[in-house]
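Per this note's numbering, the sequence shown starts with residue 27, numbered consecutively.
Notes to accompany the following structure.
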Amino acid sequence: MVRFENVGLRYGLGPEVLQDVSFSLAPASYHFLVGPSGAGKSSLLRLMYLAMKPSRGLISLFGRNMATTPREELPGLRRRIGVVFQDYRLLNHLSAFDNVALPLRVAGGRERDIQKHVEELLSWVGLGDHMNASLPTLSGGQQQRVSIARAVITKPQLLLADEPTGNVDDRIALRLMHLFEELNKLGTTIITATHNESLVKRLGHPCLRLDNGRLLSDQSDGSADGAPPSRRRRRKGKGDDQSGLSRRTEVG
Numbered sequence: 027m028v029r030f031e032n033v034g035l036r037y038g039l040g041p042e043v044l045q046d047v048s049f050s051l052a053p054a055s056y057h058f059l060v061g062p063s064g065a066g067k068s069s070l071l072r073l074m075y076l077a078m079k080p081s082r083g084l085i086s087l088f089g090r091n092m093a094t095t096p097r098e099e100l101p102g103l104r105r106r107i108g109v110v111f112q113d114y115r116l117l118n119h120l121s122a123f124d125n126v127a128l129p130l131r132v133a134g135g136r137e138r139d140i141q142k143h144v145e146e147l148l149s150w151v152g153l154g155d156h157m158n159a160s161l162p163t164l165s166g167g168q169q170q171r172v173s174i175a176r177a178v179i180t181k182p183q184l185l186l187a188d189e190p191t192g193n194v195d196d197r198i199a200l201r202l203m204h205l206f207e208e209l210n211k212l213g214t215t216i217i218t219a220t221h222n223e224s225l226v227k228r229l230g231h232p233c234l235r236l237d238n239g240r241l242l243s244d245q246s247d248g249s250a251d252g253a254p255p256s257r258r259r260r261r262k263g264k265g266d267d268q269s270g271l272s273r274r275t276e277v278g
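Following this line, the structure appears as structure tokens:
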């Protein structure tokens, strides 16, 4: 699903913000991306949703080498990716409902179906009473939940979430993570960047840990071709990967 090989990234003539990053994520896996502020988490996510190209190295998404994929095919690939932005990136002239409905309308969905799906999802994230609210009247935490609903409404193949629980309380944060887990059970590959270490420990999904632009620990699938790991069952201990991924750690 996702493969990085010796990826480096720099902005302009500055130092590399990502250095020799290599990992592989299997389809339908769920990972956290953790590390201190400035570690490179947001930059890594930008590469994954094709907002920029790496300075060096190989990135493969959906089995496609991004270096050789024609430019005109990139919009189609982006439509398979849902993104929760740290700064929301909502349209202030639209209501909460219309922001969430927008991806479905662009895709040509039937209005009756759109109405049903959007209402259900906004109710799930606790905004059932704010569906028709204008964006400026919503708090930061409420806008964040609108952003999350918009990202998942199309049931994307890959979901990238940048600090999705940064402006909500612990109860809502856990509810949102359960929403992600339900989406993951339907086959969506998920990577969530977060500073919330307690949430990471509570949910027990494997982590990619960045520091100063380097991947310090890698609990991704680790296979060269991104193929799904063995489905052989074993007894899971507390904190084990619930997606069936093998655990591999690299240091250095």
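Glycine is no exception: its CB is placed at the ideal position from the N, C-alpha and C atoms.
Computed from a predicted model, the values in this text were never measured in an experiment.
Grab me the residues of residue i's own chain with a C-beta within less than 6 Å of its C-beta, minus the 5 sequence neighbours each way, in chain order.
i	result
SER256	At SER256 the pLDDT is 36, less than 50, meaning the model places this residue with poor confidence; the figure from the coordinates comes in the next sentence. Once the five neighbours on either side are set aside, SER256 has no close Cβ partner at all.
PRO41	none
MET92	ILE85
ARG201	none
THR218	PHE58, ALA187
Starting from the Cα of residue i, find the closest Cα among the options and give me that residue.
i	options	result
ARG236	ARG72, LYS67, ALA52	It should be pointed out that residue 236 corresponds to Leu in this sequence rather than to Arg. Selected option, being the one with the closest Cα: LYS67.
THR220	PHE88, PRO232, PHE58, MET27	PHE58
GLN170	LEU148, THR180, LEU76	LEU148
PRO232	LYS142, SER224, GLN245	GLN245
VAL47	SER69, PRO101, SER63, ILE198	SER69
ARG115	ARG228, ASN210, SER173	SER173
LEU130	ALA175, ASN118, LEU164, LEU202	ALA175
ARG240	VAL60, ARG90, ASP113	VAL60
ARG105	LEU229, LEU87, SER121	LEU87
LEU120	GLU189, HIS156, ASP195, PRO62	HIS156
GLY154	PRO162, LEU161, THR163, VAL144	VAL144
GLY102	ALA133, ARG82, ARG138, GLY167	ALA133
PRO5	PHE111, LEU76, GLY83, GLN112	In the structure displayed, the chain extends from 27 to 278; residue 5 sits before or after that span and is not available.
SER165	LEU128, ASP113, GLY135, GLY230	ASP113
VAL110	ARG138, LEU39, GLY167, LYS227	GLY167
Starting from residue i and walking both ways along the alpha helix (DSSP H), at which residues does that stretch end?
i	result
VAL144	137-150
ILE174	166-178
Cutting at 8 Å between CB atoms, please list the residues of its own chain near residue i, excluding the five before and the five after it.
i	result
THR215	MET27, VAL28, LEU51, ALA52, PRO53, ALA54, SER55, TYR56, GLN183, LEU184, LEU185
PRO80	VAL33, GLY34, LEU35, LEU44, LEU73
LEU209	VAL178, LYS181, LEU185, ILE216
GLY152	ARG171, ILE198, ARG201
Going by DSSP, name the residue or residues bridged to residue i.
i	result
SER121	SER160
LEU59	ALA219, LEU234
Which stretch, first to last residue, makes up the beta strand (DSSP E) that contains residue i?
i	result
ASP46	42-51
LEU35	28-36
Excluding the 5 residues preceding and the 5 following residue i in the sequence, name in chain order all residues of the same chain whose CB lies nearer than 7 Å to its CB.
i	result
ASN238	ALA65
PHE49	PHE30, LEU234, LEU241, ASP244, SER246
Which runs of the beta strand (DSSP E) fall wholly inside the segment 182-254 and span at least 3 residues, in chain order? Entirely contained in the segment 182-254, the beta strand (DSSP E) runs reaching 3 residues are, in chain order, 184-188, 215-219, 233-237, 240-244.
Unbroken beta strand (DSSP E) runs of length 3 or more, entirely within the segment 70-136: which are they? Counting whole runs of 3 or more residues, the segment 70-136 contains the beta strand (DSSP E) stretches 82-87, 107-110.
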